[in-house]
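Chemist:
In the working numbering, the protein residues as written are 49 to 132.
(1) Determine the DSSP secondary structure at residue 63, reduced to helix, strand or coil.
(2) Between the alpha carbons of residue 82 and residue 107, how many angstroms are there, rounded?
(3) If I follow the unbroken alpha helix (DSSP H) through residue 83, where does it start and stop?
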């Protein structure tokens, strides 16, 4: 078990064996292959399937009028001394 006290860094405590926790079987330490976090699973998506009976609104967009100076944050305006 990791223990953190006010302002002190966390440290490993031998008081509680993590392997005895009821949810230990869901951790990657228990089964790295089955329980490991897979980033690619967040990006998996099925393609959009349009149905002929559904109603859609179609917009025409012209991307040629994008202006680089319309950035929300212009880094040239920042004073680098403020971040030291």
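Even for Gly, the Cβ is constructed at its ideal location relative to N, Cα and C.
Modeler: Reading it off the structure:
(1) coil
(2) 44 Å
(3) 80-83
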